[in-house]
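Participant:
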Amino acid sequence: MNVKASVPMSSVRYLLKAVENQGLDSDALLESLDIVRSDIEQSSHFPAYQYGMLYQKIMWLVQDESFGMLSGGKVPNGTFRMMCLCIIHARSLAHAMYRCSDFYDICRGPTVKPVLIKKGRFAMVTFAPIESADARVADIVTPESKEQLRTTLSMWHHFICWLIGRRLSLKAAYFTSERPDDVEYYKTLFQSEVRFNQHANALVFPASYLDMPIVQTEDSLRGFLKTAPYQLLVMVENDNSLKSQVMAMLGKDFSREMPSADEVASGLNMSVSTLRRRLNEEKTSYQQIKDECRKEAAITYMNAPQLSINDIAALMGFDEPSAFFRSFKKWTGMTPGEYRKSDEFLKFGRAMKSL
């Protein structure tokens, strides 16, 4: 299967270095997931689905759900699930973020929490010490924290998008770190203005989003958690193409209704005719991109043995499993059952069982 979504190899190297800093054997980790180190050393990009598996196994090995993120402490496995359950019934995004901040104040492990700040027409999600902590956030951030900060803000951005069932269009993403060499990747990832050497690390967006309802339920949360952190990770090509920008806007939550071409064009500040023309110049179309993204997500979910076909159908936004069966066969030439008997699935099954 040709899975195109990828992450920069710098993100993979950052994870492996962090693993080694904790005294773990990175070579054994890679071998358990059938990942060849020479591929990491010689390539510039890494398949997103493998990155998700790698991240998931590392969090299990180190027993820290905040691994690779700004937290100021070790967050016990299961914390994220409880935080989600605390906010899933909130009446709005603002209410959910305030609850989230309160949750971090009383949970065990982190010394840093997300905070929501509203100023006029815009709102900001940034970070602050929990009430019982003495340290400042600035004391935790180091010159080597660039990857950590990017991962943290990206994951929170994707999580908020999942909560409200649509992409949160940012005005800007702020970073306290120096301007990096791969600044174009930041722009592709956040689809917004990106500023460095700022006073805080933050996501800035129109305050109107704060009134949006939380569309997820405990049922949709169960499927989301089975694949975490897949939907929260970086899932776009780092080639600065229009196709990559559209993929970034689509995200990875296919349980919700996909935006129309008009909505995507508006988000990219162009007319829908310009969007179609420029995608045609890249030998693709909006419908092709949607189909590719859904196919890739479906294969990723099918490679997770812990997910039933019904789970996957729900994650993909199908009300009836039979409709998912038909679409999956159209995308891959196999039914879900045939795929799970294939050599490719058996290979991934062995890797996932080692988690």
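Residues 278 to 632 (my numbering) make up the sequence shown, in order. Ideal Cβ placement from N, Cα and C applies to all residues, glycine included.
For Tyr-451 and Lys-351, I'd like the C-alpha separation in whole angstroms.
Facilitator: A straight-line Cα-Cα distance of about 25 Å links Tyr-451 and Lys-351.
Participant: So Ile-441 and Leu-509 are in contact, right, with Cβ under 8 Å, and what is the actual spacing, rounded?
Facilitator: That pair is no contact at about 14 Å.
Participant: What residues are listed by DSSP as bridge partners for Thr-403?
Facilitator: Val-392
Participant: Would you check if there are 3 or more beta carbon pairs closer than 8 Å linking the stretch 494-510 to the stretch 565-585?
Facilitator: yes
Participant: Just mark His-434 as buried or exposed, buried being the case when its beta carbon has 16 or more other beta carbons within 10 Å.
Facilitator: buried
Participant: Kindly indicate the opening and closing residues of the beta strand (DSSP E) around Glu-470.
Facilitator: 470-472
Participant: Once you ignore the five residues that flank Ile-407 on each side, which residues in its own chain have a CB closer than 8 Å to its CB?
Facilitator: Tyr-381, Asp-382, Pro-387, Thr-388, Val-389 and Lys-390
Participant: Bridge partners for Phe-699 per DSSP, in chain order?
Facilitator: Nothing in the structure corresponds to residue 699, since the chain is present only between 278 and 632.
Participant: Is the beta carbon of Leu-338 closer than 7 Å to that of Ala-400?
Facilitator: no
Participant: Between the alpha carbons of Ala-538 and Gln-468, how many angstroms are there, rounded?
Facilitator: 16 Å
Participant: Any contact between the stretch 584-600 and the stretch 558-575? By contact I mean 3 or more CB pairs, one from each, below 8 Å.
Facilitator: yes
Participant: Please name the residue, chosen from Leu-498, Arg-358 and Pro-285, that lies closest to Ile-589 on a Cα-to-Cα basis.
Facilitator: Leu-498
Participant: In this structure, how does DSSP classify Val-481 when only helix, strand and coil are distinguished?
Facilitator: In the structure shown, Val-481 sits in a strand (DSSP, three-state: E or B).
Participant: Spatial neighbours of Leu-385 within its chain, please: C-beta separation below 7 Å, excluding the five flanking residues on both sides.
Facilitator: In the sequence as displayed, the identity of residue 385 is Arg instead of Leu. Contacts found: Pro-353.
Participant: Can you tell me which of Asn-546, Glu-558, Val-492 and Asp-530 puts its alpha carbon nearest to the alpha carbon of Ser-634?
Facilitator: As shown, the chain starts at 278 and ends at 632. That puts residue 634 outside it, with no answer to give.
Participant: Beta carbon of Val-257, beta carbon of Val-523: below 7 Å?
Facilitator: Past the boundaries of the shown model lies residue 257; the chain is included only from 278 to 632, so the question cannot be answered.
Participant: For Met-360, I'd like the list of residues in its chain whose CB is within less than 6 Å of its CB, leaving aside the five on either flank, ordered along the chain.
Facilitator: Answer for Met-360: Phe-380, listed in chain order.
Participant: Output needed for Ser-631: all residues of its chain with C-beta closer than 8 Å, excluding positions within five of it in sequence on either side, in chain order.
Facilitator: Confidence is the limiting factor: at Ser-631 the pLDDT is only 47, short of 50, which leaves the residue's position unreliable, though a coordinate-based value still follows. Ser-309, Leu-310 and Lys-334, listed in sequence order.
Participant: So Ser-454 and Ser-422 are supposed to be a Cβ contact under 8 Å. How far apart are they, rounded?
Facilitator: 6 Å
Participant: Looking only at its own chain, which residues have a Cβ that is under 7 Å from the Cβ of Thr-403, when we skip the five neighbours before and after it?
Facilitator: Val-392, Ile-394, Ala-477, Asn-478 and Ala-479
Participant: Since Tyr-462 is in the beta strand (DSSP E), which residue starts that stretch and which ends it?
Facilitator: That residue, Tyr-462, is in no beta strand (DSSP E); its alpha helix (DSSP H) goes 460-467.
Participant: Once the 5 residues before and after Arg-314 are set aside, which same chain residues still bring their CB inside 7 Å of it?
Facilitator: Asp-304 and Leu-307
Participant: To the nearest whole angstrom, what separates the beta carbons of Lys-448 and Val-471, a pair I think is in contact under 8 Å?
Facilitator: That pair is no contact at about 11 Å.
Participant: Check whether the Cβ atoms of Thr-429 and Leu-347 lie closer than 7 Å to each other.
Facilitator: yes
Participant: Which residues does DSSP list as the beta-bridge partners of Tyr-451?
Facilitator: Arg-472 and Ala-479
Participant: For Ser-497, does the three-state DSSP call read helix, strand or coil?
Facilitator: helix
Participant: When we look at the beta-carbon of Ser-288 and count the other beta-carbons within 10 Å, is it buried (16 or more) or exposed?
Facilitator: buried
Participant: Grab the span of the alpha helix (DSSP H) containing Glu-342 for me, first residue to last.
Facilitator: That residue, Glu-342, is in no alpha helix (DSSP H); it is neither H nor E in DSSP.
Participant: In terms of residues, what are the limits of the alpha helix (DSSP H) holding Thr-428?
Facilitator: 423-441
Participant: Give every residue of the same chain whose Cβ lies closer than 7 Å to the Cβ of Pro-598, excluding the five residues on either side of it in the sequence, and list them in chain order.
Facilitator: Ile-586, Asn-587 and Ala-590
Participant: Using the Cβ count rule (16 or more neighbours within 10 Å means buried), how would you classify Lys-560?
Facilitator: exposed
Participant: Distance, Cα to Cα, Asp-302 vs Ser-431?
Facilitator: 27 Å
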